[in-house]
Amino acid sequence: MSVADSVEGTWDLSISTPIGRIQAVIELRDEGGTLTGTAHGAGEEVPLADVALDGDQLFWRQAITKPMRLNLAFTMTVGGETMTGTSKAGRLPSSKVTGQRRAVPVAAEG
1 MSVADSVEGT
11 WDLSISTPIG
21 RIQAVIELRD
31 EGGTLTGTAH
41 GAGEEVPLAD
51 VALDGDQLFW
61 RQAITKPMRL
71 NLAFTMTVGG
81 ETMTGTSKAG
91 RLPSSKVTGQ
101 RRAVPVAAEG
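Take the sequence shown: its letters are residues 1 to 110, numbered as in my numbering.
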């Protein structure tokens, strides 16, 4: 099992921001030993940049345009099926982030 296997999958995130709670989804994949991903939320899909896993610390950056144009930097701690941490946008205060990995559906028999 590679290190990336420990974070691969689809994660439902909840970000507590000054303008309210934002729900987002990130998908993380191991592509030839490189961790990549995509974020979905507020009607847009954006690639994750600079995705890195160091022990149980997961980092990535993403740019969003909704509800406003921001460049976000995430610093998360992964523990099994959950992750917690922060999202930082420039000079704005950090926002608390929690995440839960979606269960992988079991293929139907037959």
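Note that beta-carbon positions come from the ideal geometry of N, C-alpha and C, so glycine has one too.
Distance between residue j and residue i (C-alpha atoms, nearest Å)
i          : j           : result
residue 39 : residue 70  : 14 Å
residue 1  : residue 28  : Because residue 1 sits at a pLDDT of 46, beneath the cut-off of 50, its placement in the model cannot be relied upon, and the following sentence gives the value as read from the coordinates. One C-alpha to the other measures close to 15 Å.
residue 19 : residue 62  : 19 Å
residue 58 : residue 23  : 19 Å
residue 75 : residue 97  : 9 Å
residue 67 : residue 12  : 18 Å
residue 90 : residue 82  : 26 Å
residue 92 : residue 51  : 22 Å
residue 41 : residue 65  : 10 Å
residue 88 : residue 105 : 32 Å
residue 31 : residue 80  : 21 Å
The beta strand (DSSP E) enclosing residue i, as first and last residue numbers
i           : result
residue 47  : 44-47
residue 103 : Here residue 103 belongs to no beta strand (DSSP E), and DSSP marks it neither H nor E.
residue 91  : Element bounds for residue 91: n/a, residue is neither H nor E.
residue 7   : Residue 7 -> no beta strand (DSSP E), and no H or E assigned at all.
residue 64  : 57-64
residue 19  : Premise fails: residue 19 is in no beta strand (DSSP E) and is neither H nor E.
residue 68  : Careful: residue 68 lies outside any beta strand (DSSP E) and carries neither H nor E.
residue 41  : 34-41
Residue i burial status per 10 Å Cβ neighbour count (16 or more: buried)
i          : result
residue 95 : buried
residue 14 : exposed
residue 46 : buried
residue 99 : buried
residue 33 : exposed
Sub-8 Å separation of residue i and residue j beta-carbons
i           : j          : result
residue 78  : residue 25 : no
residue 48  : residue 36 : yes
residue 102 : residue 9  : yes
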